[in-house]
Amino acid sequence: MFESILLPDLLLLAFPFIVIGSRLFCDFRSAFPWRVANIGFILIFIMLNMIPLASGEGHFFIFNWRLDDFGVLMREVFMVSAILGIWLSKDYFEHGADGKPQMHQIAEYIGAIAFATFGAFTVVSACDLLTFFLGLEIATIPMYALTAWNKKDQMGSEAATKYILMGSVATAFELFGFSYLYGFSGSLFFNDIASAVATNSTSPLLWVSILFLFSGIGFKLTLFPFYTWAPDVYEGAPTPVTAVLSVTSKATAIAFLAVLVFGPLAAVQEQMSPLIALLAATTLLVGNLGALKQTRLRRFMAYSSISQAGYIMIALLGPAEIGKSAIVYYMFIYAVANYLAFFVFGIIGHHREETFASLRGLSKQNPALAIALAIAMFSLAGIPPLAGFFGKFHLFFAGATTGHYFLVAFAVINNVLALFYYIQLIKSAWIDEPEGTLSSLRLNRRQRLIIIMLSIAVVALGFVPFLSNNIFAGFTF
Amino acid sequence: MTNELLFSYLILFLPLLAFVVNGLFLGQKSAKGAAAMGIIGNGIGAISAVLLAVSYLTSNVAPQKAVLFEFSFLPFKAISENLSGNIGFLVDPLSVMMLVVVTFISTLVNIYSVGYMRHDRSAGRFFALLSLFTFSMLGLVVATNLFQMFIFWELVGISSYMLIGFWYHKPSAVSASKQAFILTRFADSFFLMGIVLVSYVVGSFDFSTINALSMAPFYQETINIGIATVSKASALVLGSILIFVGGWGKSAMFPMHIWLPNAMEGPTPVSSIIHSATMVVAGVYLVARLFPFFAICENTLNLIMVVGAFTMVFAAVIACTQKDIKRILAYSTLSQLGYMMFSLGVCKIDSVVAVTGYTASTFHIFTHAFFKCSLFLIAGSVIHVVHTNDLDKMGGLGAKMPWTYWCALISILAISGVPPFSGFFSKDEILLAAFQGQHYIVFALALLTSGLTTFYMFRFFFLIFHGDSRSEHVRGHKIKEDFAMTLPIVVLALPAFLSGFMAKGLFAKFSVPSSLNIPQLVSLPEAKWIPFAAIGMAVVAFCTAWLFYASPKATIPAKMQQTLDETNRCGLYKLIYRKFYFDEMYYIFVRQFIFAGVARVCRFVQDYIIEGIVAFVVWFVHRLGDLVRYAQGGSLPFYLGTLIIGLLLWRFFGQLPL
Chain R
1 MFESILLPDL LLLAFPFIVI GSRLFCDFRS AFPWRVANIG FILIFIMLNM IPLASGEGHF
61 FIFNWRLDDF GVLMREVFMV SAILGIWLSK DYFEHGADGK PQMHQIAEYI GAIAFATFGA
121 FTVVSACDLL TFFLGLEIAT IPMYALTAWN KKDQMGSEAA TKYILMGSVA TAFELFGFSY
181 LYGFSGSLFF NDIASAVATN STSPLLWVSI LFLFSGIGFK LTLFPFYTWA PDVYEGAPTP
241 VTAVLSVTSK ATAIAFLAVL VFGPLAAVQE QMSPLIALLA ATTLLVGNLG ALKQTRLRRF
301 MAYSSISQAG YIMIALLGPA EIGKSAIVYY MFIYAVANYL AFFVFGIIGH HREETFASLR
361 GLSKQNPALA IALAIAMFSL AGIPPLAGFF GKFHLFFAGA TTGHYFLVAF AVINNVLALF
421 YYIQLIKSAW IDEPEGTLSS LRLNRRQRLI IIMLSIAVVA LGFVPFLSNN IFAGFTF
Chain G
1 MTNELLFSYL ILFLPLLAFV VNGLFLGQKS AKGAAAMGII GNGIGAISAV LLAVSYLTSN
61 VAPQKAVLFE FSFLPFKAIS ENLSGNIGFL VDPLSVMMLV VVTFISTLVN IYSVGYMRHD
121 RSAGRFFALL SLFTFSMLGL VVATNLFQMF IFWELVGISS YMLIGFWYHK PSAVSASKQA
181 FILTRFADSF FLMGIVLVSY VVGSFDFSTI NALSMAPFYQ ETINIGIATV SKASALVLGS
241 ILIFVGGWGK SAMFPMHIWL PNAMEGPTPV SSIIHSATMV VAGVYLVARL FPFFAICENT
301 LNLIMVVGAF TMVFAAVIAC TQKDIKRILA YSTLSQLGYM MFSLGVCKID SVVAVTGYTA
361 STFHIFTHAF FKCSLFLIAG SVIHVVHTND LDKMGGLGAK MPWTYWCALI SILAISGVPP
421 FSGFFSKDEI LLAAFQGQHY IVFALALLTS GLTTFYMFRF FFLIFHGDSR SEHVRGHKIK
481 EDFAMTLPIV VLALPAFLSG FMAKGLFAKF SVPSSLNIPQ LVSLPEAKWI PFAAIGMAVV
541 AFCTAWLFYA SPKATIPAKM QQTLDETNRC GLYKLIYRKF YFDEMYYIFV RQFIFAGVAR
601 VCRFVQDYII EGIVAFVVWF VHRLGDLVRY AQGGSLPFYL GTLIIGLLLW RFFGQLPL
């Protein structure tokens, strides 16, 4: 029983070694590692889907590895991100894009993504601070490497340097927070910490630790004012890495916060709510303001994802069950819509620069692509009946349940701002006339298939109830 | 009832299907296909409607109402348990009658349009919209509740808008369609308020609930309607008046009548269907449908009577002077609608009702539909030949268009109320109802108007068909009557002739309002002399018309020219000819008051205050955006600094218990 439930985790742990190891036995042009990666990732995703939900407290393995419903569903989000991430990356190993040269060593690249994914798995499974911290680091360190994957690109190296320097400081913040938490409760285990927090909720030790933990994770989740690395790194990193960063890294960070806030710190959630609300409000405002005047697509997506982080934070204010389900649901939708946008950018970036100007005339040149882009943007902006609307609705609902009406109202007003810049992008694709002749766009079969699939998913996830039912009715915490 | 259910689906959804198919697929490809689709869809609907009517009227259910299907569309459970917007199919004598009329007329108009729209490039669109119009009206007729009624009421409005403005390249058509839409929408807003008020007080949209009300329990309870606290009974009376205002506008009663004559800008088949079976009778239908409810509301029926009677005389007087044949018919419709309206109104005598007026009104809806549709189709045929609407250019068509001529004669005799033609029976009933209702002034006006009707209809008739031809298109040419256009006219002549004495018994037996919660007057005074008085009026009016427009003396060209020249007339004639300057009054009101006054103030507020605020907000947000961009300068020390700044920031502003 336990073994079958643990199988996906074990497989994912062994997986990077298999993929990288397979390179030793075949020619470097061989597609074998790529095929193994595909089969493996999809297999893990299917196995995750077979784990029955509604398992209450969850299952413990040894004593510090827990599998509960939130964990399983978040694992599915991470796997979706990983699968879409490698599919998006594949093209960049075949040709250069956006003025950057071609990338190499796909097997190691996939291995790095698998390691990051396993780190994310660890975060949602941890029962003690040590595992928790380890998971976060495993999830982060491959990202530094991935950012600089394009060794011939100076921008990438610069971005990675910034990222790793700032990331180290943030990690120091987190460790500092953890050490205070340990000092406060005298234990590394979540259960002990929870009871210590419940009995002595005003201890300065506890609050110093919370302040540092939020600041540290605020870096990963791109909260205000810790987001400054994001636009530069998103811009400098190869496009597929940006996509993985904006989904996996963000999902890991929000899962980390959800585990903390609804787990060991549950007793002081009420007292933390002003801090969370402020972080959410400032982040989404600044993200939206920053996105207003961008011309580069990846930079634009960076600010967009910053503001999305602000929206997601709202769910942390809600009751555990509603908040967690809203987060899981939103992460699915966010992942799908975000990857859809990145696929479209990727195709355009293959032939042109990744800027707003390159989108001009898209609706005439390739209407299907323009429609997919519009669907992605409208979903990110939260326009009904697309999935993004329902996702945002549940986030806001979670916040409103505990009475944070002002924050919700503020977020809704900000959504108008968001709509403005998302529509700017659609305007570029649909209304603006192109300058000069357009270079042709060619889609291969994989790209076409994925774009169709993702477009359908973004449209359908909103009102086809199987997923939301699964998440909202099917699981108890 | 399985057959009935099938019929009901066919009746309602075939026109919708025709609309969808024509609108999306067939219309652009083939006008003939679209026409066939429209005719077949509406034709099967008409057959189903007749079968449904027969099977309903012969069943033991009649004259009780039956609901064939009903499903909940929009429940408002939060307000009241029973308050639910349903879509259903109501069958009772009134709705069955309307179903037959609407589908029958719609089929004939579709056939007629084959000829009329033969050379129009967008005939496909025309047939699609015609089916939508029919569908909307059918949905309105079978409505089981106010909610459904309102939905289809608006659909009727929008489809009429699109049809009146069908020739959108003509500015006059566009402005006429706008006028029709805005005026009826204006009235509809009151209708909506009435629905909200009544359904809130009653707790249901359902006609059967609303009609079964009795006022007694509502006198004690009070309700706040925003400006004042009133008893629920008063609120209901107010609600009933507001609801009637909806019908007031839709049926183009004075002073909201101006859109109807102007709506003549649409293609003639559209005028024909608007005036006979759809749209304008919707207002009368609404009043008839809610008759028991209106009856218990103190003075509502009296208001309806006054409005109806005034419109009747007013429109008839104007019709006597017009030269545009479609406008003559339009004013004639107004006048006839006035008959139907006041006939419902006269039922109320102090605190009791006599239901004869209700029967008479529904009967008149029925007979009027046929002869008015026929007259419009005839006018369309004539216009098709002469290429103008103007009586100046007509005359002498009788010999050239024999079929049209004889059918026109039948319809005109019917509308004039000459026995044994259909109009005689229904109009006689109405006069009788007015007399029995002891509203003698209204009775006298109605009698007078029946004379006026005869006069202007024969004026219409003589000037088109008799005398010498005044048009170059006709003189010396041979005219071929278009088969597709003549067939419906001939077919319609039959019910225009027969429907009166054939259906009299049916209406007397079935067409009575159900569930009246108010005492009925049973012993009504007999008045055998009324038909003779009416016929006398008709004969006098006919002779006058003949004297003016068809006698050998009057048909001398010079004399005729003088007759038709409106410029040398007295002031009163001009006043009437100019329709009492109502169009101009509206025009001035809209131009001077709304456009130059209210709209300008609003524009000022919009341009300088609201736009200013918006512009400032936009500017401010963009500056903030610049700030964020500026902070993102790429300098690592600054980035690292933000981590510390953030820590301090949340230390002080995070409201932590530190």
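Sequence lines, in order, name chains R and G.
By the numbering used here, the letter at position 200 of the first sequence is numbered 200, and the numbering carries on one by one without gaps.
By the numbering used here, the letter at position 297 of the second sequence is numbered 297, and the numbering carries on one by one without gaps.
No residue lacks a Cβ here, since even glycine has one placed at the ideal position from N, Cα and C.
A quick note: this is a predicted structure, and the numbers were derived from the prediction, not measured.
- Put simply, of M79(R), M74(R), I18(R), G349(R) the residue whose alpha carbon is nearest the alpha carbon of E235(R) is G349(R).
- The criterion of a C-beta distance shorter than 8 Å is satisfied by I314(R) and A398(R).
- Ranked by Cα distance from W87(R), the options R445(R), G323(R), G462(R), I164(R) are led by R445(R).
- The C-alpha of I452(R) lies about 8 Å from the C-alpha of A372(R).
- For the set A280(R), L395(R), F342(R), the Cα lying nearest the Cα of L369(R) is the one of F342(R).
- In the assembly as shown, R75(R) is a buried residue. Its beta-carbon has 16 or more other beta-carbons within 10 Å.
- When the Cα atoms are used, V100(G) and S335(G) turn out to be separated by approximately 24 Å.
- Interface with chain G (8 Å Cβ-Cβ cutoff): G263(R) is excluded.
- DSSP lists no beta-bridge partner residue for D232(R).
- Counting C-beta pairs closer than 8 Å gives three or more between the segment 490-502 of chain G and the segment 369-377 of chain G, which meets the contact rule.
- Distance between Q64(G) and M149(G), taken at the CA atoms: about 20 Å.
- The alpha-carbon separation between L289(R) and P267(G) amounts to approximately 55 Å.
- In this structure, DSSP gives T437(R) a state outside helix and strand, which the three-state scheme calls coil.
- Inter-segment contact for the segment 12-23 of chain R and the segment 35-44 of chain R is present: three or more beta-carbon pairs are separated by less than 8 Å.
- Less than 8 Å separates the beta-carbon of A120(R) from that of F78(R).
- Chain-ordered, the chain G residues with CB closer than 8 Å to the CB of S215(R) read L643, G646, L647, W650.
- Spanning the alpha carbons of I47(G) and I489(G) requires a straight line of approximately 19 Å.
- Minimum Cα-Cα distance from L362(R) among the listed residues G135(R), V80(R), E433(R), F214(R) corresponds to E433(R).
- Here L647(G) is buried, its C-beta having at least 16 other C-beta atoms within 10 Å.
- With a cut-off of 8 Å on Cβ pairs, the segment 105-123 of chain G is not in contact with the segment 81-89 of chain G, counting fewer than three such pairs.
- Two segments are said to touch when three or more pairs of C-beta atoms, one from each, lie closer than 8 Å; by this definition the segment 6-21 of chain G does not touch the segment 404-418 of chain R.
- Only residues of its own chain outside the window of five on either side were considered, and among them F455 have a CB closer than 7 Å to the CB of T544(G), listed in chain order.
- Flagged as an interface residue toward chain R: Y639(G), by a C-beta distance shorter than 8 Å.
- Here the segment 228-245 of chain R lies against the segment 138-151 of chain R, with 3 or more beta-carbon pairs under 8 Å apart.
- Counting the other CB atoms within 10 Å of its CB gives I51(R) a total of 16 or more, which places it among the buried residues.
- Cβ neighbours of K170(G) within its own chain (closer than 8 Å, five residues either side excluded): E265.
- About 5 Å separates the beta carbons of G45(G) and T103(G), which is inside the 8 Å limit, making them a contact pair.
- DSSP, reduced to helix, strand and coil, places W149(R) outside both helices and strands of the structure shown, so it counts as coil.
- Comparing alpha-carbon positions, the option among K326(G), G33(G), H364(G) lying closest to L344(G) turns out to be H364(G).
- For a Cβ distance threshold of 7 Å, nothing in chain G lies close to Q154(R): the least Cβ distance comes to about 13 Å.
- Straight through space, the alpha carbons of I613(G) and W619(G) are spaced by roughly 10 Å.
- Residues of the segment 249-278 of chain R with a C-beta less than 7 Å from any C-beta of chain G: Q271, P274, L275, L278, listed in chain order.
- Within a 10 Å sphere around the beta-carbon of E354(R) sit 16 or more other beta-carbons, which makes this residue buried.
- Separation of L206(R) and P385(R) (C-alpha to C-alpha, rounded to the nearest whole angstrom) is 43 Å.
- Closest in alpha carbon position to T359(G), among Y161(G), L627(G), M97(G), Y639(G), is M97(G).
- Under the Cβ distance rule, T283(R) does not count among the residues neighbouring chain G, no pair being separated by less than 8 Å.
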